[in-house]
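One structure is given here, and the rest of the page talks about it.
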Amino acid sequence: MDAKVLPARPSLEQYKKQAKELVKAFRTGESGDPEAVQRIKKHHPRLSKLLDADIRNAKFALVDAQLVVAREHGFVSWPKFAKHVEALIREGSVVVLDNPWAAFIEAACVPRDSGHASGTLERAEAILAAHPGVASSDIHAAAILGDEAGVRRFLALNPGNATAKGGPHGWDALTHLCFSRYLRLDRARSDGFLRAATALLDAGASANTGWMEKSHQPRPEWESALYGAAGVAHHAELTRLLLERGADPNDGETPYHAPETHDNAALKALVESGKLNEESLGMILLRKTDWHDYEGIKWLLEYGVDPNRRTPWGKTAIHNAVLCDNDLKIFEVLLDHGADPTLIADCPDRSRHASSGKSAVAMAARRGRRDVLELFERRGIPIVLQGVERLMAECARNDAARVRFMAGREPQLVREMVAEEGKLLAEFAGVGNTDGVRQLLDLGLSVAALYKEGDGYFDMAKNSTALHVAAWRAQHATVKLLIERGAPVDVPDGRGRTPLALAVRACVDSYWTCRRSPDSVQMLLHAGGSVSGIDFPSGYAEVDELLRRHGAKP
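If you want this note's numbering, it's the 1-based position in the sequence shown plus 178.
Structure below.
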C-alpha cells in the first residue's frame with residue numbers, strides 16, 4: 179500500500195494523539211487490537227519479522243507508536259515526519275491571516291514560551307513575502323527590522339512613538355528592537371539596528387525599558403532591553419550604546435545569559451563598563467564554566483573578577499567547573515588566579531536547594547576526576563575527604579591496593595557506594611575514567627544500575643545507564659569495558675534511546691567533536707545492538723556503512 183497522504187494543513191497534535199491511541203489499542207485486552215498489531219507488524223522494523231503472538235508480548239512504547247505513524251506516511255523516523263508536518267503548517271498559515279502585523283511581530287521577536295535565542299526568521303520572512311505592507315506599517319515593525327529610516331519617519335510623525343506600547347505583548351519600540359530575531363540572525367542589518375536604537379533613545383526611549391515576564395520560572399523576572407542586546411543577540415555595539423545611555427546590567431538575566439557564547443565582545447562591553455556589581459561578575463564567571471570557555475574565563479580572571487565569589491546557586495566557579503566536567507586547563511587558570519577548591523558549596527549539584535555541602539575536592543572525587551585530584555595535589559592543596567568520598571577518590575585514582583584495603587577494612591563504605599551506584603558509574607563513565615569504572619565494578623556496583631536522576635546539562639535522560647552516558651559522550655574505551663562487563667546494550671533510557679542511538683547521534687550532533695568516531699557504534703553493533711529506530715542515514719559515512727551492514731534501511 180502507498181504511504182498515507184498528508185492533508186494541506188496537517189495537525190501535529192493530531193498525529194501525536196494517533197500514536198497514543200495506537201499504544202492504547204495495542205494494550206487492549208490480552209491479545210491487543212488485531213488491526214493495531216497488523217499496523218505495527220507492517221511498519222515497525224524491529225517487530226516486522228515477528229509472529230503476531232510475539233508482537234503482542236513485545237515491549238511497545240509511545241516512541242514505537244510514533245515511528246509506526248511516521249512510517250505509515252512514508253517517513254523513516256518520527257523526528258523527520260514531525261519536522262515535515264511543522265513545515266507544512268508554517269507554509270499554510272501565512273497566506274490567510276486575520277492580523278498579519280501581529281503575526282509578524284510574534285514570528286520576528288523572541289519566543290516567550292521557549293529559549294529566547296531559539297528559532298529562525300523563516301516564518302517572519304514568509305509573512306513579509308505574503309503581506310509586504312507589514313514592514314512599513316508602524317514604528318514597531320520598523321524597529322524589529324532595524325529600519326532606521328522607518329523609525330525616524332514614525333518619530334517625526336509623532337514623537338510619542340518613542341515610548342508608545344504596541345504589538346501582541348504591549349512592548350515599546352526599543353524592546354521590540356532589542357528582542358528582534360533579525361538583530362540576532364541578520365548581521366547585515368547591524369548598523370541599521372544601532373542607528374535606529376540611537377534615534378529611539380534620542381527621542382526619549384529609556385535604556386532600561388523591557389517587560390516583566392510573569393511566566394518565568396522559578397519566579398517572574400524583568401526582561402530588560404539590555405538583556406536582549408547582550409544576552410540574546412550578543413550585539414556588542416548595541417550593548418555598549420545602552421550602557422552609555424544609562425542601562426543597568428545588574429538585572430539577573432543579563433549577567434546570566436551574556437556568557438552563553440564564545441564571542442565575548444558584548445560580555446566585555448558589560449564588564450568594561452564598570453557597572454556590574456560583584457554578584458553579577460561572579461555569576462558571569464561561573465556561567466562561563468557552563469560554556470567551557472577557557473579564553474573567556476581567562477580574560478575575566480585577568481580583569482580581576484574574584485574566582486571565590488559565591489553565586490546565588492551556592493557555588494563558586496571552580497565548583498561549577500567540576501560539575502560541568504571542564505577541561506583541566508580551566509582548573510589550572512582558576513587556581514592560578516586564587517580559586518580555592520576547599521571552599522564548601524552549599525549546593526554541590528544542579529539544584530537550587532541547599533544540601534550537604536561539599537568542596538570542589540570532594541566533588542572531583544565523586545565525578546571520577548583523577549586528573550583534577552592530581553592537579554590539586556601538585557598545587558599543594560590538601561585532599562581532605564570524609565567517609566565514603568575517601569574510597570571514591572581511590573577508585574578515581576585507580577589505586578587498586580588502597581581500594582581493596584579500604585573495602586576490606588570498612589565494608590560499610592562499599593555499601594554506601596552501592597546505594598549510589600547508578601550515579602557514580604554514570605559520572606565516572608561520563609568523564610572517561612575507564613580505570614575508575616573498573617574499580618567501581620570490581621567493588622560490586624552493578625553495570626546495569628540506573629542513573630535515576632539523569633543530567634539535563636549533558637542531555638542524559640532519567641534512568642540512563644553508564645553505557646548510555648559513555649556512548650553519548652563518545653568515551654570509547656569506557657564503552658568497551660562496560661560491554662565486556664555485561665552492560666545491557668539495548669535497554670532504552672527514560673526517553674526511549676538506546677546506547678547505539680546515542681552513539682550514532684554523538685557522531686553527528688555533539689559538542690565533543692574531537693572524540694567523534696565510529697568506534698562505539700561498531701562495538702555496540704558487534705555486541706548485538708539493534709538498528710531499530712536509529713535515524714538512518716546519519717550523515718556520517720563510516721557510521722552509515724556499519725549500520726547498513728547490520729540491516730539498517732532508509
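Yeah, the Cβ is synthetic: ideal placement off N, Cα and C, and Gly gets one too.
Check whether chain B comes within 8 Å of residue 461, counting only Cβ atoms and requiring the distance to be less than that.
Here chain B cannot be found, since the structure has a single protein chain.
Do residue 414 and residue 436 come within 8 Å of each other at the CB atom, strictly closer than that value?
Taking 8 Å as the Cβ cut-off, residue 436 and residue 414 do not qualify as a contacting pair.
Spatial neighbours of residue 637 within its chain, please: C-beta separation below 8 Å, excluding the five flanking residues on both sides.
Once the five neighbours on either side are set aside, the close Cβ partners of residue 637 are 650.
Within this structure, are the beta carbons of residue 680 and residue 646 separated by less than 8 Å?
In this structure, residue 646 lies closer than 8 Å to residue 680 by Cβ.
Between which two residues does the alpha helix (DSSP H) holding residue 711 run?
In the DSSP annotation of this structure, residue 711 is not part of any alpha helix (DSSP H), being labelled neither H nor E.
In terms of residue numbering, what span does the alpha helix (DSSP H) encompassing residue 650 cover?
Element bounds for residue 650: 644-650.
Nonlocal neighbours in the same chain, by C-beta distance under 7 Å from residue 656, ignoring five residues either side
Once the five neighbours on either side are set aside, the close Cβ partners of residue 656 are 607, 610, 612, 615, 648.
Rounded Cβ spacing between residue 519 and residue 559 (contact assumed at less than 8 Å):
Going by Cβ atoms, the distance from residue 519 to residue 559 rounds to 6 Å, so yes, they are a contact pair.
DSSP three-state call for residue 409: helix, strand or coil?
It is helical.
Could you pull the DSSP bridge partners for residue 522 from this structure?
537.
Which of the three DSSP states is assigned to residue 689 in this structure?
Look at residue 689 here: in three-state DSSP terms it is coil, with no helix or strand label.
Kindly list the residues whose CB is nearer than 7 Å to the CB of residue 674, restricted to its own chain and excluding five residues on each side of it in sequence; keep chain order.
Cβ neighbours of residue 674 beyond the five flanking positions: 239, 241.
DSSP state of residue 718 mapped onto helix, strand, coil
Coil.
State the Cα-Cα distance for the pair residue 330 and residue 377, rounded to the nearest angstrom.
Distance between the alpha carbons of residue 330 and residue 377 is about 7 Å.
Excluding the 5 residues flanking residue 179 on each side, which residues of the same chain have their C-beta closer than 7 Å to its C-beta?
Bear in mind that the predicted position of residue 179 carries a pLDDT of just 45, short of 50, making it too unreliable to give a figure here.
Delimiting residues of the alpha helix (DSSP H) encompassing residue 477:
For residue 477, the enclosing alpha helix (DSSP H) starts and ends at 472-481.
Where residue 820 falls: helix, strand or coil (DSSP):
No answer is possible for residue 820: it lies beyond the span of the chain, which begins at 179 and ends at 732.
Figure out for me which residue from 432, 222, 265, 403 has the closest Cα to the Cα of residue 244.
When only C-alpha atoms are compared, the closest one is 222.
At least 3 beta-carbon pairs within less than 8 Å: the region 455-466 vs the region 415-422
No, because fewer than three Cβ pairs between the region 455-466 and the region 415-422 fall closer than 8 Å, the two stretches do not touch.
Less than 8 Å separating the beta-carbons of residue 341 and residue 382?
The answer is yes: Cβ separation under 8 Å.
The alpha helix (DSSP H) enclosing residue 458, as first and last residue numbers
In the DSSP assignment, residue 458 falls within the alpha helix (DSSP H) that extends over 456-468.
Straight-line gap, residue 349 to residue 488 (C-alpha atoms, nearest Å)
The straight-line gap from Cα to Cα measures roughly 35 Å.
Where residue 315 falls: helix, strand or coil (DSSP)
Here DSSP, grouped into helix, strand and coil, assigns residue 315 to coil.
Go through its chain and collect everything with a Cβ distance to residue 599's Cβ below 8 Å, but skip five positions before and after it.
Excluding positions up to five away in sequence, the list reads 618, 623, 624, 627.
From which residue to which residue does the alpha helix (DSSP H) around residue 584 run?
Counting along the chain, the alpha helix (DSSP H) containing residue 584 begins and ends at 578-587.
CA nearest to the CA of residue 261, picked from 564, 485, 726, 193
Selected option, being the one with the closest Cα: 193.
Alpha carbon to alpha carbon, how far is residue 247 from residue 195? Give it in angstroms, no decimals.
Using only the alpha carbons, I get a separation of about 10 Å.
Where does residue 279 sit, in a helix, a strand or coil, going by DSSP?
Helix.
Can you say whether residue 692 is buried or exposed, counting buried as having 16 or more other CB atoms within 10 angstroms of its CB?
The residue in question, residue 692, is exposed, as its Cβ has fewer than 16 Cβ neighbours within 10 Å.
Residue 390 versus residue 427: straight-line alpha-carbon distance, rounded
Distance between the alpha carbons of residue 390 and residue 427 is about 16 Å.
Mind checking which residues open and close the alpha helix (DSSP H) that includes residue 368?
368-380 is the extent of the alpha helix (DSSP H) around residue 368.
Between the region 587-598 and the region 560-574, are three or more C-beta pairs nearer than 8 Å?
As far as the Cβ criterion goes, the region 587-598 touches the region 560-574, which means the pair count is three or higher.
Considering only residues of the same chain and omitting the five flanking positions on each side of residue 284, which have a CB-CB separation below 7 Å?
Once the five neighbours on either side are set aside, the close Cβ partners of residue 284 are 346.
Does the distance from the CB of residue 575 to the CB of residue 553 come in under 8 Å?
Against a cut-off of 8 Å, the Cβ pair of residue 553 and residue 575 comes out as no contact.
Verify whether the separation of the beta carbon atoms of residue 470 and residue 504 is less than 8 Å.
Taking 8 Å as the cut-off, the beta carbon of residue 470 is found closer than this to the beta carbon of residue 504.
Endpoints, the alpha helix (DSSP H) within which residue 388 is located:
Per DSSP, residue 388 belongs to no alpha helix (DSSP H); it is in the beta strand (DSSP E), 388-391.
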